[in-house]
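**Q**
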Amino acid sequence: MIKVTVYKTSRHEYTGFDAEGHAGYEDLGKDIVCAAASALIINTVNSIDHFTDDETSCVSDEENGSIVFRFGQIPSHDAALLLDSMILGLEEIEDDNDYEPYIDIIFKEV
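Residue numbering for the sequence shown is 4 to 113, as defined by the numbering used here.
1. Return the residue from the list Asp98, Ala82, Ile5 and Tyr10 that minimises the CA-CA distance to Asn49.
2. Is Asp98 helix, strand or coil when you go by DSSP?
3. Are the CB atoms of Ala40 and Val71 within a distance shorter than 9 Å?
4. Can you tell me the Cβ-Cβ gap for Ser79 and Asp52, rounded? I've got them flagged as a contact below 8 Å.
5. Less than 9 Å between the beta carbons of Ile5 and Gly32, yes or no?
6. Roughly how many angstroms separate the alpha carbons of Gly27 and Asp21, rounded to a whole number?
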């Protein structure tokens, strides 16, 4: 299962997210749930890096399917919008009855 934990402050400001695991929907290379989630997550990290001036840190491990992404400060409007877009896409996967058992999105206040 892919588990995505999104961290927000009490003021609803993002501080980052963790993503870990493999969906297990299908064999490696044929797993559409893993491919979709990976594309959304990696594109978001790359877009924040490319299109904003936000200070971030990102550590990934392909073998265990983990990404630890953090903002260095309160994210800009653009960075928050990009993260909102990623979350929307992941929630759409999670809300689909066929894919719901393979992805879990959790929000934690920090």
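Note that CB positions come from ideal geometry on N, CA and C, so glycine has one too.
Model, not experiment: these values are computed from the prediction.
**A** Answer, in terms of the structure:
1. Ala82
2. helix
3. no
4. So it is not a contact: roughly 12 Å between Cβ atoms.
5. no
6. 18 Å
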